[in-house]
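Here is the structure we will look at, set down as structure tokens.
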Amino acid sequence: MIISRTRSGLLSMVSAIVLGLLLAPSAQALDLKIATIAPEGTVWMKQMRDGSKEIKERTDGRVNFKFFGGGVMGNDKKVMRKIRIGQLHGGMFTPSSVADIYPSMQLYGMPLVFSSVGEVEYVRERMDSILMAGLEEAGLVSFGFSDGGFARVLSNTPITSVDSLKGRKVWVPEGDLITYNTMSALGLSPVTLAVTDVMTGLQTGLVDIVGSSPVGAVVMQWHTKVKYMTDFPLGYLMGYMVVDKKYFDKISDADQQIVREVFGKVYAEFDRQNKLDDSAAFQALVDSGIEIVRPNEQEIENWRTLVYASNFEMADRGVISRELLDKMLGYIDEYRQSQKEAN
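Going by numbering that gives the first Met the number 0, the letters in the sequence shown line up with residues 0 to 342, in that order.
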């Protein structure tokens with residue numbers, strides 16, 4: 000009788016444990032909070048959330064991404080601080096945002112290095128994986144880069160020469176030491192601001208000039224505060240999402256592969272679509288009344304001479320990897336030579 004009751008009690012206990020395990024959430028379930036300044040309602044936010052939904056379904060709820068758009072978590076500097084203390088787990092950034100962690104992320108954006116989309120594509124095919132590996136080694140996991148187009152000069156007076164730049168107050172993103180030094184070399188007065196403060200800077204006269212892609216100018220509405228755009232590729236822009244590696248490593252290897260696959264596809268689509276959007280945004284700026292100006296070839300060479308010296312000086316100081324800079328410039332030379340031979 001006692002044995003029977005003991006067995007009954009053991010069975011009840013085992014049943015309760017099994018039932019509890021079945022009903023309890025997975026011990027490996029992880030919610031990752033990601034911040035971005037991308038406005039709510041944009042195609043970017045929709046596609047990121049669609050990707051998160053797919054990941055949640057394919058991992059049976061073990062991995063879930065929650066996105067905070069529209070800059071509600073603050074500027075890039077505040078987001079990085081929240082990532083460090085674990086309040087957030089990642090964000091969507093531009094290269095200068097992680098300059099303190101992995102300086103070479105600024106490589107592609109070095110001013111006046113690229114002169115065509117073809118050069119960018121040739122270099123990226125060969126170097127994207129190097130930069131992504133460098134990011135991960137620095138503790139940030141990325142899933143791909145999205146094309147941001149070329150930054151162009153937006154201003155209220157026509158900028159067509161080095162002399163027309165002198166003394167002008169130009170916006171420089173927070174943490175972007177390379178652009179800051181470059182603008183100083185060109186005779187401008189750099190003003191460091193968070194992206195979210197640029198509109199106020201234009202409205203109050205704190206800045207006279209901003210460098211932006213056409214898409215960025217339209218999305219952020221900066222084009223409503225300027226009259227001219229200098230049609231010359233000042234620097235290449237791109238965006239990407241990162242997750243703090245210490246949180247990403249909490250995900251199982253199989254689920255990590257799903258996350259990389261899904262967000263890799265999302266960013267490949269961003270990369271493709273952004274090129275089309277940039278062209279459409281350029282036309283939108285023209286249609287809005289922005290006057291397009293262009294410096295002559297001699298002025299372009301004058302700018303390049305000044306900027307190249309600044310670029311190499313910063314590489315020699317360790318602001319960016321001299322090895323990677325030389326590698327990138329070597330690929331650009333390869334591409335230009337192949338184009339000459341083809342023609």
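Note that CB positions come from ideal geometry on N, CA and C, so glycine has one too.
For glycine 69 against arginine 151, the beta-carbon gap comes to about 25 Å, at or over 8 Å, which does not count as contact.
Leucine 192 and aspartate 59 have their C-alpha atoms some 42 Å from each other.
Contact check between the region 255-264 and the region 306-323: fewer than three CB pairs, one atom from each, fall below 8 Å, which does not count as touching.
Bounds of the alpha helix (DSSP H) holding tyrosine 121 are 116-136.
Collapsing the DSSP output to three states places aspartate 196 in a helix. By the Cβ neighbour-count rule, glycine 85 is exposed, with fewer than 16 other Cβ atoms within 10 Å of its own.
The shortest C-alpha to C-alpha distance from leucine 324 to any of Gly108, Asp99 and Val97 is the one to Gly108. In terms of Cβ geometry, methionine 126 and alanine 37 do not form a close pair [threshold 8 Å]. The region 290-297 makes contact with the region 157-164: 3 or more CB pairs, one atom from each, lie closer than 8 Å. Under the three-state reduction of DSSP, leucine 153 is assigned to strand. Across the structure, threonine 181 and proline 110 are spaced so that their CA atoms are roughly 7 Å apart. Valine 306: member of the alpha helix (DSSP H) spanning 296-315, first to last residue. Look at phenylalanine 113 here: in three-state DSSP terms it is coil, with no helix or strand label.
Cβ-Cβ separation between proline 213 and alanine 280: approximately 4 Å, consistent with a contact (criterion under 8 Å). Note that the C-beta distance between valine 194 and leucine 284 is not below 8 Å. Unbroken alpha helix (DSSP H) runs of no fewer than 4 residues, entirely contained in the region 55-117, are found at 75-83, following chain order.
Going by DSSP, aspartate 30 is part of the beta strand (DSSP E) stretching over 29-34.
Per DSSP, the beta-bridge partners of tryptophan 170 are Val190. The closest CA to that of isoleucine 33, considering only Leu134, Val241 and Thr178, is found on Val241. Taking the C-beta atoms as reference points, leucine 187 is found nearer than 8 Å to arginine 167. Distance from methionine 237 to serine 145 at the Cβ level is roughly 6 Å; contact confirmed, criterion being Cβ atoms closer than 8 Å. Nearest to glycine 147 by C-alpha distance, out of Leu328, Leu29 and Trp43, is Trp43. Annotation for valine 206: Lys168, Val169, Trp170, Val190, Leu192, Val197 and Gly200 place their beta carbon closer than 8 Å to its own, counting only its chain and skipping 5 residues before and after.
Apart from the 5 residues on each side of it in sequence, asparagine 63 sits with its Cβ closer than 8 Å to the Cβ of Ala28, Leu29, Asp30, Leu31, Ser51, Ile54 and Lys55 in its chain, given in chain order. Rounded to whole angstroms, the gap between the alpha carbons of serine 115 and glutamate 39 is 32 Å. Residue pairing of phenylalanine 144 in beta bridges, as defined by DSSP: Tyr239. Here asparagine 342 is exposed: its Cβ has fewer than 16 other Cβ atoms, across all protein chains shown, within 10 Å. Within the region 213-260, complete beta strand (DSSP E) segments of at least 3 residues are found at 227-243, given in chain order. Here glutamate 39 carries a coil assignment [DSSP, helix/strand/coil]. Isoleucine 331 places its beta carbon 8 Å or farther from that of valine 78. Among the bridge pairs identified by DSSP, serine 211 is matched with Arg151. Between aspartate 243 and glycine 89, the CB-CB gap stays under 8 Å. Looking at Gly117, Leu139 and Phe67, the one whose alpha-carbon comes closest to that of isoleucine 100 is Leu139. Boundaries of the alpha helix (DSSP H) harbouring isoleucine 331: 321-341, taken from the DSSP string.
Counting along the chain, valine 161 sits inside the alpha helix (DSSP H) bounded by residues 161-164. Per DSSP, the beta-bridge partners of valine 292 are Thr229.
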